[in-house]
Amino acid sequence: MIHYRTDKEIELLRNAALLVGKTLGEVGKHIRPGIRTIELDKIAEEFIRDNGAIPAFKGYGGFPGSLCISVNDAVVHGIPGNYELRDGDIVSVDCGTILQGYVGDSAYTFTVGEVSDEIKLFLQRSKESLYKGIEQAVAGNRIGDIGFAIQSYVEQFGYGVVRELVGHGVGRKLHEDPQVPNYGKRGSGTKLSEGIVIAIEPMITFGKRDIIQERDGWTIKTKDRMPAAHFEHDVAIRDGKAEILSSFEWIEEINK
Ligand code: MG
Ligand code: MG
Numbered sequence: 001m002i003h004y005r006t007d008k009e010i011e012l013l014r015n016a017a018l019l020v021g022k023t024l025g026e027v028g029k030h031i032r033p034g035i036r037t038i039e040l041d042k043i044a045e046e047f048i049r050d051n052g053a054i055p056a057f058k059g060y061g062g063f064p065g066s067l068c069i070s071v072n073d074a075v076v077h078g079i080p081g082n083y084e085l086r087d088g089d090i091v092s093v094d095c096g097t098i099l100q101g102y103v104g105d106s107a108y109t110f111t112v113g114e115v116s117d118e119i120k121l122f123l124q125r126s127k128e129s130l131y132k133g134i135e136q137a138v139a140g141n142r143i144g145d146i147g148f149a150i151q152s153y154v155e156q157f158g159y160g161v162v163r164e165l166v167g168h169g170v171g172r173k174l175h176e177d178p179q180v181p182n183y184g185k186r187g188s189g190t191k192l193s194e195g196i197v198i199a200i201e202p203m204i205t206f207g208k209r210d211i212i213q214e215r216d217g218w219t220i221k222t223k224d225r226m227p228a229a230h231f232e233h234d235v236a237i238r239d240g241k242a243e244i245l246s247s248f249e250w251i252e253e254i255n256k
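When we follow the numbering used here, the leftmost residue of the sequence shown carries the number 1, and every step to the right adds one.
Spelled out as structure tokens, the structure:
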């Protein structure tokens with residue numbers, strides 16, 4: 001069942017989404033070679049709770065962390081732990097908050113120290129694919145238009161789109177209808193209309209798109225062990241247009 005959110009609800013969803021953006025900015029300040037991913041998780045959990053919210057991922061389906069932290073060939077759902085980030089790593093950080101009963105959900109792939117130019121380009125294009133998808137999230141379009149835009153953009157560079165995991169509606173629950181695949185056919189799927197709020201989250205692979213699940217029951221990795229990227233925004237369809245509720249501004253001001 002798809003929920004159509006009122007303006008008031010969209011403001012509450014924006015508050016939760018902006019808190020995720022601020023949390024990711026806080027985490028980003030601490031990303032450097034030598035920091036353990038569990039330390040980043042602790043920073044995020046404290047920041048979220050200090051801001052009167054609850055980490056949405058903690059305990060979700062039994063997930064132990066407040067963040068999903070996925071390094072290099074890990075695509076998503078990495079468990080924070082004792083791994084120390086190294087120079088040249090890329091690290092995807094996915095964060096969720098529940099603020100006043102509404103969920104925010106956003107993700108960003110960071111670089112650690114010096115990363116090769118081809119990986120920087122891969123991250124830039126993966127992030128661009130998110131915005132290509134968002135451009136299609138307008139009233140009258142269909143879910144398939146979003147996936148088509150993402151897929152056609154990244155595949156021209158030889159990158160892959162993960163199929164098994166998709167974006168989703170976001171509201172009072174972390175995962176609501178509709179599902180939002182990052183691949184698809186133009187003009188297919190649910191019609192987008194006023195008040196729909198979705199998390200668009202391309203998971204892009206540098207090599208082939210095939211994935212495996214680690215024995216920890218959570219971490220999703222690329223089968224060919226090549227790097228993967230993950231960028232996610234919450235987007236409301238409002239006045240017919242795509243309105244981004246989350247923000248990367250706190251992340252991107254760090255690297256200025
Ligand atoms: Mg997420
Ligand atoms: Mg999500």
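Note that CB positions come from ideal geometry on N, CA and C, so glycine has one too.
Nothing here was measured: the structure is a model prediction, and the numbers come from that model.
Proximity test, residue i beta-carbon vs ligand 1 heavy atom, cut-off 7 Å
i      : result
Ala107 : yes
Asp94  : yes
Ala264 : Residue 264 cannot be examined here, being either before or after the span of the chain that is shown, 1 to 256.
Sequence-distant residues of its chain with Cβ nearer than 8 Å to residue i (five each side left out)
i     : result
His30 : Glu39, Leu40 and Ile43
Presumed contact (8 Å Cβ cut-off) between residue i and residue j, rounded CB distance
i      : j      : result
Glu176 : Arg238 : No, Glu176 and Arg238 are not in contact; Cβ-Cβ is about 17 Å, not under 8 Å.
Asp73  : Lys221 : 5 Å
Gly25  : Ile251 : 5 Å
Leu174 : Val103 : 5 Å
Backbone CA spacing between residue i and residue j [nearest angstrom]
i      : j      : result
Leu165 : Gly34  : 30 Å
Met203 : Ala228 : 7 Å
Pro64  : Ala53  : 17 Å
Val170 : Ile79  : 22 Å
Ser247 : Ile200 : 13 Å
heavy atom of ligand 2 below 7 Å from residue i C-beta
i      : result
Gly167 : yes
Glu232 : yes
Glu249 : no
Glu201 : yes
Residue i: first and last residue of the uninterrupted alpha helix (DSSP H) it sits in
i      : result
Asp50  : Thr37 to Asp50
Arg8   : Note that residue 8 is Lys in the sequence shown, not Arg. Where Lys8 is concerned, the enclosing alpha helix (DSSP H) stretches over Asp7 to His30.
Arg172 : Unbroken run through Arg172: none, as it is neither H nor E.
Leu121 : Asp117 to Glu135
Cut-off 6 Å between Cβ atoms - residues of its own chain near residue i, not counting five sequence neighbours on either side
i      : result
Lys191 : Arg142
Leu123 : Thr109 and Ala229
Pro181 : Gly147 and Val166
Where the beta strand (DSSP E) containing residue i begins and where it ends
i      : result
Ser92  : Ile90 to Leu99
Ala199 : Val197 to Ile200
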